[in-house]
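K.L.:
Chains as they are written, first to last, in the working numbering: chain Z, 1 to 751; chain V, 752 to 1040; chain R, 1041 to 1199.
Cβ coordinates follow ideal geometry from the N, Cα and C atoms, glycine included.
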Amino acid sequence: MTERIAAIGRSAIRKDAWDKAAGKALYTADIPVDDLSLGSIVRSPYHYARIKEIDRTEALKVPGVKAILTVDDIPGAKIFGPLIEDQPSLADGIVRHLGEPVALVIAETRTAAEKARDKVKVTYQELDPVFDPVEAAASASSQLHPEGNVVSELHICEGDPEGGFQAADVILENTFHLPRISPGYMEPETSLAVWEKDGTVTVWVSSQHPFTDQAVIAAALDLPIDKVRVKSAVIGGAFGGKEDSSLAILAALGAWKVSGAFRLVNDRRESFLAHPKRHPAQIKYKLGAAQDGTITALEAEAYLDTGAYASYGPAVAMILTETLGGSYRMPNVKIDTYCVYTNSPISGAMRGFGSPQAHFAVESTLDLLAEELGMDPIEIRAKNILKPGDDIFTRVRMNNSAGALAACLEKGSQLLKEYQAVEPQEGKKAGVGLALAAQSMGLGANIPDDSSHKLEWAPDGRILIHLGSPDLGQGLAAAAEQITAEALGLPYDQIQSLPLDTLETPNGNVTCASRMTYMVGNALIDAAAKLVQSLIEQAGRLLEIPAEDLVYQEGKLIKPDGTSLPAVEFISRLAEDSIKLSAESTFSFPYPADTTPQHLPLGMPHVLFCFGAQVARVEVDPDLGTVEVTHFAAIHDVGKVINRQGVEGQIEGGVATGLGYALYENMVRKNEVWVDGFTEYLLPTAVDLPENYQTIILEVPEESGPYGAKGIGEIPLVPTAPAVANALYDAMKVRIFDLPITPEKVLGLDK
Amino acid sequence: MQDFEFYRPGNLLELKEYLSLPGARVLAGGTDIIPKMRQGKFTAPILVDTSGVKSLDFIEDQGERIVLGAMTTHQQLAESRLIQETNPALREAAASIGCIQTRCRGTLGGNIANGSPAGDTLPPLLIYDAEVLLQSLEGERSLSLEKMILGPGQTALEPGELIHSISYQPLKGKWGSCFLKVGKRSGMAISVVNAAGAVVLDSSGQIADVRLALGAVGPVVIRCLETEKSLLGKRPDQGIFQQASEMVQHEINPIQDVRSTTSYRAHAGGVIAARVLGIAAERAARRKD
Amino acid sequence: MKEIKVKFILNGSPIEVLSSPNRTLLDVLREDLGLTGAKDACGGEGECGACTVISNGKPINSCLVFIGQVEGAQVLTIEGITPKDGYHPLQKAFVEAGAVQCGYCIPGAVLVAKALLDTNPHPGDREIKEGLSGNLCRCTGYQKMVDAVHLVIDGGLDD
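#1: Could you work out which residues of chain V lie near V675 (chain Z), taking near to mean beta carbons separated by less than 7 Å?
#2: Taking the alpha-carbon positions, what's the H275 (chain Z) to T306 (chain Z) distance?
#3: Would I1146 (chain R) pass as an interface residue toward chain Z - the criterion being a Cβ-Cβ separation below 8 Å?
#4: Taking any Cβ of chain V, which residues in the region 1167-1194 of chain R have a Cβ under 7 Å from it, in chain order?
#5: Run through the DSSP bridge pairs and tell me what L154 (chain Z) is partnered with.
#6: According to DSSP, Q694 (chain Z) sits in a beta bridge with which residue or residues?
#7: For C1103 (chain R), which residues from the same chain have a beta carbon less than 7 Å from its beta carbon, with the 5 sequence-adjacent residues on both sides left out?
#8: Please compile the residues from chain R whose C-beta is within a distance smaller than 7 Å of the C-beta of S11 (chain Z).
#9: Looking only at its chain, what residues have a beta carbon closer than 8 Å to the beta carbon of E3 (chain Z), apart from the 5 residues adjacent to it on each side?
#10: From the DSSP output, in three-state form, read off Q214 (chain Z) for me.
#11: Looking at the C-beta of M755 (chain Z), does it have a partner C-beta in chain R at a distance below 8 Å?
#12: Please report the residue range of the alpha helix (DSSP H) in which Q533 (chain Z) lies.
#13: Locate the alpha helix (DSSP H) running through S1014 (chain V), then write down its first and last residues.
#14: Less than 8 Å between the beta carbons of A12 (chain Z) and Q482 (chain Z), yes or no?
#15: Please tell me whether E3 (chain Z) has its Cβ less than 8 Å away from any Cβ of chain V.
#16: Kindly indicate the opening and closing residues of the beta strand (DSSP E) around L689 (chain Z).
#17: Quick one: Cα of D128 (chain Z) to Cα of T202 (chain Z), how far?
#18: Q1109 (chain R) CB to nearest chain V CB: under 8 Å?
#19: Considering only the beta carbon of each residue, do V724 (chain Z) and V615 (chain Z) sit closer than 8 Å?
#20: Could you list which residues in chain R have their beta carbon closer than 9 Å to that of Q474 (chain Z), in chain order?
#21: Please check if any C-beta of chain V sits within less than 8 Å of the C-beta of T1092 (chain R).
#22: Which residues in the same chain have their Cβ closer than 8 Å to the Cβ of D376 (chain Z), if we skip the five residues on either side of it in sequence?
#23: With DSSP run on the structure shown, which of helix, strand or coil describes M1 (chain Z)?
#24: Strictly below 9 Å CB to CB, what residues from chain V border E1085 (chain R)?
#25: For K61 (chain Z), which residues in chain V fall below 7 Å Cβ to Cβ?
#26: Between G1126 (chain R) and G1120 (chain R), what straight-line distance do the alpha-carbon atoms span, to the nearest angstrom?
#27: Are V170 (chain Z) and A289 (chain Z) closer than 8 Å when you measure CB to CB?
#28: Three-state secondary structure (DSSP) at R14 (chain Z)?
#29: K429 (chain Z) by DSSP, collapsed to three states: which one?
#30: For T321 (chain Z) and R789 (chain V), I'd like the C-alpha separation in whole angstroms.
#31: With 16 other CB atoms within 10 Å as the buried threshold, where does L728 (chain Z) fall?
#32: If you drop the 5 nearest sequence neighbours on each side, which residues of the same chain put their C-beta closer than 7 Å to that of K580 (chain Z)?
#33: Three or more C-beta pairs under 8 Å: does that hold for the region 185-205 of chain Z against the region 235-246 of chain Z?
#34: Which residues of chain R have a Cβ atom closer than 8 Å to the Cβ of F239 (chain Z), listed in chain order?
#35: Using a Cβ-Cβ cut-off of 7 Å (strictly less than) and excluding sequence neighbours within five positions of L766 (chain V), which residues of its own chain qualify?
#36: Once you ignore the five residues that flank N753 (chain Z) on each side, which residues in its own chain have a CB closer than 6 Å to its CB?
Here it is, written out as C-alpha cells:
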C-alpha cells in the first residue's frame, strides 16, 4: 500500500499559476475572437443632471461605427441591482453620478468607438448634486430616487443602553470618518459576448457571480435563461468589486445588436468612476465602561454613503452594524445605521463589507478607553473579549472557535512587548499598537445560500471538479482540489478544477463573504463520499460482489479476499458502457433554526466568525509627520489550513490592502473631479511594506467546517488600520479619527 | 489617443529640420507626454522622436562644467559616478524618481521641458547654476535654468527649439550637496515638496557659499536667495539651519491641491531645507581639500 | 493618419510592423501580435508596471512608448523568456513561492525581476523591493515575490 502525503495543510502549487507566469492565461480581454467588434461607453460628465436629448447623428457617421445604443434600445429589463433594482444599464432620462453610462457605441475598432463616443451629443440640464450622506438623508435634500434618499435603515436596541451609560464610570464619544476606497484589482472590468447563430449568447465575464450575470443578461435581452451562457475567464482580482453585472449586460446588448462578437473593456478611469467602491462612512461611536474596564454600554450612529445606486449598500450596512461590537461583549446596545444615496460613485461590496469601517471605530475606542482608565490596551481587551458561549448583541452565541480570540490576543500581546523593546532610529518616535477583529462569514440569516459543485471521475483517472463558484485569483480552485484529494485519498496532482460554464457547471453561488473554502469544501467532501458510493455500487455490479463487501481506499477498491483493484479500471470500463461516474452535492450555509435569532431583518444576523489580531510598530518622523510601519504581525485563526501558501498569500495581500486603508488610499472629490487614477490614488508598493513582517496562523477547529477550516478572505485587512492608528497614538499622542493617516493630519496641518 | 505625424530623425540636423515644421514637438522618453496626451492635456500635430539622435545621449566632464545631453535618462544619472562625485544631489534626485521602468525612459531634457514645479532634477540643477543649451535650425542660445522655466508646465522653449544639453558647474573646495523629498508613499513617490542644498566651507569652517532650492512650493522651483545670504559667514550648526527653515517661509508660496495643503508644504519645506543644508554641511566638513 | 513601418527585434527575431504612429508598443503587442502577456492595469499612465517589457536590456512600461520609438530595439516580452518546454527559473520561482494569485501583474513583475538580476545578480531585500516598486499588486502584498527572487538567487528552486 502506497503512502499518501496528506493533501491539506501543506503548500500546494496552484495549477493555473504556470500559465499566468508564462503570460498565457486568458483574461477576458485576451481571449482571441474573430470578427470582434469593440465598444466604448458615453459617460455623464455631470454628477447629477437630467438628460434632455441624445443626438447620435454625427457619431454614427464615424467610419467603422456599427451602432449606438441608448436605454430605449434595450429589449428587456432596463434596470438591475442585486438588492434593489435601481441601477439603469444605460441612463434613463437622468444621470446620478459622474461617469454614469449614457450610451453604448459599437464599432469595428476601439479607435472608431472612442471617436464616435466623443461625437455623441448629449444635452444635459444640470441639477444640484448632494455628496454628504447626512445632508442627503435630511428631508430637505433633493431626492435622488423616487423612494427617497435613505435606502435602508437599521435600528438595534438591546438591553438597557440608557441604564448602561448611567452605570458607566467613563463615557467616550467620538466621530470617525472612513474614506471611499477602490477595490483596486489590477484587471479592470471587461466582458466579451458572442451572439451565436442559434440565437443564444455566450458571455465571458470577469465576475464573482456568473450565474447572477446570466439571469440579469437574460432579463435585459428579454431571453429565457437557457439562451444565455456565461463562462468565467481567468479573473484578475475582484475583492468584492466584481459583483456588479453592468459591463456584462452591456457586452451582451452589443453582441445582440450586431449579431456577432463584442468586447467591452473599462479603462482604469472608468473603473474608478463607474464600478463599486468601499462605502465611505461616518460613525458616531459612544462607549461606556466601568472603572475596572468592563464595557457597560454602546451607542452608535452610522451613515453609509452608497452613492448613486444601492448595489450591496443595505447588506454592507448590516455587517457594519453587526461588527460595531467588534470582538467584545456589549451588554447594552443602541445602534442606528442609515444607508443613503448621494451623487457620488456607487459604493457596493468590497472585501470586509462594512467591517473595516466598524472596526476602525471599535478598536480605536478600546485604546482610548484604556488610556482614560489608566489600563493597558491588552488588559482592557482581555477584560471584555468574547469567549465561547458568550452572546453578542445580535443574540448569536459564540461557538468553540471563539477561543481563538483569546489565543490571538495572547500572541498579539507577546509581539507588542517584543516590538516595544526595539530602539527607534535616531530622530524618530516609535510606537506600538494592536487591534483585534471578528469578521462574519456567510450572507446572513434567511438569505438562501446554496452552493452546488460536482465531481466527475474521468476515465484517465483524474477527478474533475465542476467548481460552481469562480476562483478570483485567491486560490479557491487549489483549496477545492486539496480538499477533494484529501477526501478521496488521491494525489493532489490528479485533481483538476474546470473553468466555470453555466451550461455545464452547477451553481455554486457568488464567491464572497469569507465562506468559499467552507461551502465548497463541505460540498466536495459530501460529493466525494457520494462518488465513492457510486463507484462501489457500480464496481459491485460489475464484479458481482455485494457493494457492502467492497472497501474504497486511496484510489483502490479492496475486495473481500484482500486483493485490490485500481478504481481507474472501473472508471474506464464504465466509460465503455457510456456510464459517467459523477456526484453532485449542495451545501447550504447553516443557520440552525434552534440557535439562529430571528428578530432581525432578512440577512441578519451572521452566525459564524473568523478571528484575528494584528500588531504594528511605527516610527514617525516628528517633524515631517511621515509614518513608517517598521514591524507588523498578522495573527489569524483559520480553523484548519488547507493551502498553507494560499492562506499566507491571502493574509499578506490583505495586510497590504489594510495598510493602504490606513496610510495612503482616498478617492476624494476635488474641484468637481474625482480622483480617478493610480497617480493620485496610491496603492502600497513593494517598498511600502513593513521591513519586518510575520504571519502567524492559528488553527482552532471550526466543527462545521471542512476538516475544521474557516474563512480568511476578508479579515486580514480589517484590524490593520486601527492597529496602525493605535501605534501612531503610542508614538505621537496624536489620535486620528478619519482615515487615511497622512503626515498633514499627524502634524495638524491638514486644513 | 489623438492623431499625429511621427518622425524619427537619425541625427541632430534632421531633428532640427523636423522640429522646424509647424506644431512639431520633441518626443523624448514619453513618460510625461504620453499620459498627458491620453488625458488631452498635451497635443501636437507632429511628434519628433529623439531616441535615434545618439549625440544627445552623453554625460561629459568638460572641465569647468559638467555637461549632460538632454536624452540622458534618470537611470543613467542615478548610476553615474561622475554625477555622484560632482553633484550628489542630482544623483539622489534622479534615483528617487518614479520606478525603474520610468527612470529607464524618462530623460533629463524631458524633466526640464515638462517644467513641473515638483520636478525632482530641478532643485539640484538650480543650486549648481545650471545652464540649458537650446538649439534650432536658426542657431543656438544658452539660458540659465531659472530663465528656462517660467511657470507650471511653461518653458522658454520657442517653436523649432530643442533642449540640447544641460550643464552645471561643480563646486570646489570643501563642498557638499544633498537632495531630499517628501512624498506620500515610498515607492513611485511624486514630491509633495523637495529640496536641494549645497554648502561650501572655508578653511576656518565657516560657510563661504551656500545654495538652497525648494520645489513644489511655488509655481516654479525657488532658489531661496535671502535665506542663502543670511547663512553666509556663519558656522554650520543646528541653530542656523533651524533659522533657515523659518526664513524660507518668506520666500516660498506653496499651493493647496489634491496632494497636500499649503500649511504642510510650507512646514515640510522648512524642515527639509534645514536637513539638506545640514547634510550638505556635514559632507563638506568631511571632504578633504 | 499615415501608418508607419517599424522594424525591431522581438523575442530574438526581427519583425516589421505597420501601424498608425499613435499606438503604443503595448497596443501593438496585444492587438496585432497576439502577445497578451503584457497587460494594462492603470490606463496607460505608467503607474502599474503590468505592461513591463525589456527593451535593450532595460525594463520599461510598454504603454509609455509609441510604436515608432522601438525602431531598432531588442524587445523581450514574457512570451519571449518562456522556453518552449518548461519555464524560466524566475517563472518557476514565482509559481513555487506562491507569488501568483490572480496573476495579472505577474508577467510584468517577472520581467522586472529578470532585468534586475541581469544587472545585479545578488540584490538584497531592499534592492529587490525597490526593483519591484513600479509593479503594483493588489493580491499578494509582494512578500512572496521577494521570496521568489531569493529562491532564484539562493538556488533553492525545486528541480
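P.N.:
Based on what the coordinates show:
#1: V1009
#2: Cα-Cα distance, rounded: 12 Å.
#3: The beta-carbon of I1146 (chain R) is placed less than 8 Å from the nearest beta-carbon of chain Z.
#4: G1171, S1173, G1174
#5: L154 (chain Z) pairs with Z:T337.
#6: Z:A633
#7: Contacts found: T1064, L1066, D1080, G1084, G1086, C1091.
#8: G1138
#9: Residue placement at E3 (chain Z) is flagged as unreliable, the pLDDT there being 41, under the threshold of 50; the coordinate-derived value follows with that caveat. Here the set comprises nothing.
#10: Residue state, collapsed to three classes: helix.
#11: Since the first and last residues shown for chain Z are 1 and 751, residue 755 (chain Z) lies out of range.
#12: 516-543
#13: If you look at S1014 (chain V), you'll find it in the alpha helix (DSSP H) that goes 1013-1037.
#14: yes
#15: In this predicted model, E3 (chain Z) has a pLDDT of only 41, less than 50, meaning its place in the structure is not dependable; the value taken from the coordinates is given anyway. At a cut-off of 8 Å between beta-carbon atoms, E3 (chain Z) makes no contact with chain V.
#16: No beta strand (DSSP E) holds L689 (chain Z); DSSP gives it neither H nor E.
#17: Rounded to whole angstroms, D128 (chain Z) to T202 (chain Z) spans 41 Å at the Cα level.
#18: Yes, its Cβ sits closer than 8 Å to a Cβ of chain V.
#19: no
#20: Q1141, C1142, C1179
#21: Closer than 8 Å to some Cβ of chain V, the Cβ of T1092 (chain R) qualifies, so yes.
#22: A370
#23: Low confidence applies to M1 (chain Z): its pLDDT is 36, below 50, so where it sits in the model is not reliable enough to give any reading.
#24: I785, P786, R789, Q790
#25: Under the 7 Å cutoff, chain V gives no residues; its nearest Cβ is about 17 Å from K61 (chain Z).
#26: 13 Å
#27: One thing to note: V170 (chain Z) has its Cβ within 8 Å of the Cβ of A289 (chain Z).
#28: coil
#29: strand
#30: 43 Å
#31: buried
#32: Once the five neighbours on either side are set aside, the close Cβ partners of K580 (chain Z) are E456.
#33: Cβ pair count under 8 Å is three or more, so yes.
#34: R1178
#35: P760, V799, T801, V804, L913
#36: Residue 753 (chain Z) is absent from the model: chain Z starts at 1 and stops at 751.
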